[in-house]
Amino acid sequence: MNCNFSHEEIDNYFEGEASVESSKVVSEHLKTCEECKVYYSSLVMTGKLIDTDIKLQESIFKNIENRIDRHKYRGKRRLYYKFTNLISRKSSILKPALALILLCFITIMAIGNYSNIIGSMKPDHNKVASNPDMSTEDVIKTLISSNGGFTSKLLVQSPTGSSANKEDLEQAKSVIIKRLNILSMTQHEVNVDLPNSCLNITGAWINKNNNDFKKTLTDLTVPGKLTFQETDTKAADVNGKYPRAGEIICDNNDIVSADYADNGVPGQKTINIKFNAQASAKFAEATKKLLHKQIGIFMDDNLLVAPVVQEEITDGNVILSLPDEANPDIIRAIISSKPLLSKVEITDIKFVNN
Amino acid sequence: MYEENILINNILNGDIDSFSALVNRYQNRLFKFLLGLTFCREDAEEILQDVFIRAYNYMHKYNCKWSFSTWIHKIAINTFKDFYKQKRKKDFVEYHEDLSLYKIDSGVSIDQAYESKELYKEVVEQINKLKSDYKIALILRCAQGFSYQDISKIMGVSVENAKTMVCRSRQTISNGLKMKRGVNYEL
Ligand SMILES: [Zn+2]
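Chains as they are written, first to last, in our numbering: chain Z, -13 to 340; chain V, 86 to 272.
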């Protein structure tokens, strides 16, 4: 009882996707071969079980009606359109109170998540700040008073352990800003405090569901060096993780962009990394060499994942599937930025209206 | 597709009735999907509610270059995984004996009906033994009728990988039944 008839052909037959010829062959074969008949039966049973026609008796909308915010989208776009109309007519009849309300909406929308809806308005954080009437500080202050926010002090120590110089602080600042920008949870400002070797951050929430932002900020201040390396799969440690072995193939400096593999899905755990040309070539070579073997992807000293190379990757596009416990938003923010060269530590964080 | 985009557009303009229409349009299709994943009517209904709530809350992030069906299935998968994580059910080893789910062909004797119930129970057991990604791929294919291209998009794997997962799942189920029953099962 060891029939070699192709199960793929039987699958196609079962799904009604086989050619007329192939269907004939399969149905003839099923008449005579017990083994394949059993396989086919299991397909049919599985199909019957999961392809049910059980339906809900009534709309579940009434069950969720009270659990959603009916006003979430109400009025926002309409106001926007009204506003543009007013502008295009160069109207001077905008009443001060109305103007203020509209301005608030526009500010919130411009830095919020409505960029997808309103194509012309990109969420350029600096643009809001460049509004001649409002400094960044003012915008953040206004937002903090309505949405809440935080202030935090980060101590920066230079790689050599001495207190940080201006360069160290500027490097840390640009990395932290980049990470916060990608995270898009806040509208923020980061200032260098050279005498104290510190960075001062002031941020306002864009969305209010920032539970445990202290942890988020802590996670964002790791060095964040992402490396792709060979791993020694025989030498798993007590946690079942593998130590690194072999050379670094690529790291953050080679990454052009890191996006969710599919934009707009909450909790998406796959990140699409795009390498620059030089790294793409290196990566192609490495994946050719490591075909059907594991490649280790490390964040600092921790192994993030060690996927098996399924095919040679020549185009420099790598889809990174993160483990369930990973926070994709934070990982994306970190690998989109350069690694932090200095040691950064939160020495103080305070929350406002939170 | 076009109609869906109109509904979504209306929702983003604050029209809640359009959301209700969208729910009605998708609820049974997603219910079937979740029943396949859970084999439990209660869980499926609970998850389904959460799926629509998430979809509503993230609607402004929906990008119409993706089909809505693909998008909401992805949400359903994430919600399903989170649901079981919260309940601390590990890899869905428990399954619910909701026998009303099993279709028994009419016109069969009680003995036969009992026998096929038993058989279906064993199939359910086999499906539940699959790794969750394999199970998801199988159900996307067999119940939801997605192409392998769509499955690859939904699950973020290659087309080849999606195909392999479905094939392996079927093979595993069949082998599992064989182990348990010998080769003497038929419909
Ligand atoms: Zn055969």
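Cβ coordinates follow ideal geometry from the N, Cα and C atoms, glycine included. It should be emphasised that the depicted structure is a prediction, and the values quoted were computed from it without experimental measurement.
Pull up the CB-CB distance for residue i and residue j, whole angstroms please, since I reckon it's below 8 Å.
i: residue 145 (chain V); j: residue 97 (chain V); result: 6 Å
i: residue 252 (chain V); j: residue -7 (chain Z); result: 7 Å
i: residue 161 (chain Z); j: residue 324 (chain Z); result: 6 Å
i: residue -5 (chain Z); j: residue 12 (chain Z); result: 6 Å
i: residue 292 (chain Z); j: residue 217 (chain Z); result: 5 Å
i: residue 260 (chain Z); j: residue 302 (chain Z); result: 6 Å
i: residue 270 (chain Z); j: residue 235 (chain Z); result: That belief does not hold up - the Cβ atoms of residue 270 (chain Z) and residue 235 (chain Z) are roughly 10 Å apart, past 8 Å.
i: residue 258 (chain V); j: residue 208 (chain V); result: 7 Å
i: residue 28 (chain Z); j: residue 262 (chain V); result: 5 Å
i: residue 42 (chain Z); j: residue 113 (chain V); result: 6 Å
i: residue 178 (chain Z); j: residue 155 (chain Z); result: 5 Å
i: residue 206 (chain Z); j: residue 316 (chain Z); result: 7 Å
i: residue 229 (chain V); j: residue 50 (chain Z); result: About 22 Å; that fails the 8 Å criterion.
i: residue 224 (chain V); j: residue 168 (chain V); result: Contact flag wrong, Cβ pair sits at about 15 Å.
i: residue 53 (chain Z); j: residue 138 (chain V); result: 6 Å
List, in chain order, every chain Z residue whose beta-carbon is nearer than 7 Å to that of residue i.
i: residue 228 (chain V); result: 36 and 37
i: residue 256 (chain V); result: -7
i: residue 224 (chain V); result: 36
i: residue 215 (chain V); result: Result: empty, since nearest Cβ-Cβ is about 11 Å, beyond 7 Å.
i: residue 263 (chain V); result: 24
i: residue 120 (chain V); result: 38 and 40
Return the chain-ordered list of same chain residues with a C-beta closer than 6 Å to the C-beta of residue i, the five sequence neighbours on each side being excluded.
i: residue 233 (chain V); result: 244, 247 and 248
i: residue 183 (chain Z); result: 142, 149 and 150
i: residue 255 (chain Z); result: 308 and 314
i: residue 129 (chain Z); result: 173 and 190
i: residue 137 (chain Z); result: 188 and 336
i: residue 239 (chain V); result: 155, 158 and 159
Below 7 Å on C-beta distance, what does residue i contact in chain V?
i: residue 53 (chain Z); result: 138
i: residue 56 (chain Z); result: 101
i: residue 49 (chain Z); result: 134
i: residue 60 (chain Z); result: 99
Could you name the residues of chain V that residue i contacts, counting a contact when the two beta carbons are closer than 9 Å?
i: residue 41 (chain Z); result: 112, 113, 116 and 117
Interface residues of chain Z around residue i at Cβ under 8 Å?
i: residue 169 (chain V); result: Here the premise fails: no neighbours, minimum Cβ distance about 11 Å.
i: residue 252 (chain V); result: -7, -6 and -3
i: residue 212 (chain V); result: 32, 35 and 36
i: residue 152 (chain V); result: Going along chain Z, no residue has its Cβ under 8 Å from residue 152 (chain V), so there is no contact; the nearest lies around 11 Å.
Interface residues of chain V around residue i at Cβ under 8 Å?
i: residue 45 (chain Z); result: 105, 108, 109 and 112
i: residue 296 (chain Z); result: 243, 245 and 246
i: residue 247 (chain Z); result: 241
Going along the chain, which residues of its own chain have a beta-carbon closer than 7 Å to the beta-carbon of residue i, five neighbours each way excluded?
i: residue 158 (chain Z); result: 142, 185, 326, 328 and 330
i: residue 295 (chain Z); result: 273, 276, 277, 278, 279 and 281
i: residue 16 (chain Z); result: 22, 23 and 26
Keeping to the same chain, check which residues put their C-beta closer than 8 Å to that of residue i; ignore five residues upstream and five downstream.
i: residue 286 (chain Z); result: 208, 209, 210 and 211
i: residue 123 (chain Z); result: 175 and 188
i: residue 157 (chain V); result: 111, 115, 136 and 140
i: residue 237 (chain Z); result: 211, 212, 213, 214 and 325
i: residue 55 (chain Z); result: none
Closer than 9 Å by beta-carbon distance: list the chain Z residues that pair up with residue i, in chain order.
i: residue 203 (chain V); result: Under the 9 Å cutoff, chain Z gives no residues; its nearest Cβ is about 12 Å from residue 203 (chain V).
i: residue 172 (chain V); result: Near residue 172 (chain V) there are no residues of chain Z at all, since even the closest Cβ is about 15 Å away, more than 9 Å.
i: residue 130 (chain V); result: 42, 46 and 49
When you check each C-beta in the region 22 to 33 of chain Z against every C-beta of chain V, which residues fall closer than 8 Å? 23, 24, 25, 27, 28, 29, 30, 31, 32 and 33
What are the residues in the region 256 to 275 of chain Z lying within 8 Å of chain V by C-beta distance? 256
Within 6 Å of ligand 1: residues by beta-carbon to any heavy atom: Z:-11, Z:-9, Z:15, Z:19, Z:21 and Z:22
Using a beta-carbon distance cut-off of less than 7 Å, what residues from the region 0 to 16 of chain Z approach chain V? none
May I ask you to list, following chain order, the residues of the region 301 to 318 of chain Z that have a beta carbon less than 8 Å from some beta carbon of chain V? 305, 307 and 310
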